[in-house]
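Have a look at the structure below before the remarks.
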Amino acid sequence: MPFNNYQYDAIFCYALIHLLNNPKREKLIQDCYNQLSQNGYMIFIVITKKHKLTAKAH
């Protein structure tokens, strides 16, 4: 996401945040929050190997 001076009513992030280490993850969330309009929404979809729907069957 190119960070600029715009304010957004919603920010949607699909299958990205889990790929980042903790400091980069925190920076992304803060950067998105800084561009969120008042009462806006941030939605993050995270993929995990631990969930029963994505875990490999043994």
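Residue numbers for the sequence shown follow this note's numbering, beginning at 2 and rising by one. The beta carbon of each residue, even a glycine, is placed where N, CA and C say it ideally should be.
Excluding sequence positions up to five away, which residues of its chain have a Cβ less than 8 Å from the Cβ of residue i?
i	result
I44	A11, I12, F13, C14
C33	M2, I12, C14, M43
V47	A16, I18, H19
S38	Q8, Y9, D10
Just to confirm the assignment, what range does the beta strand (DSSP E) spanning residue i have?
i	result
L37	37-46
Y9	9-15
Closer than 6 Å by C-beta to residue i: which residues in its own chain qualify, once you throw out the five before and the five after it? Chain order, please.
i	result
N6	none
Cα-Cα, which of the options is closest to residue i?
i	options	result
Y9	N22, N40, L21, R26	N40
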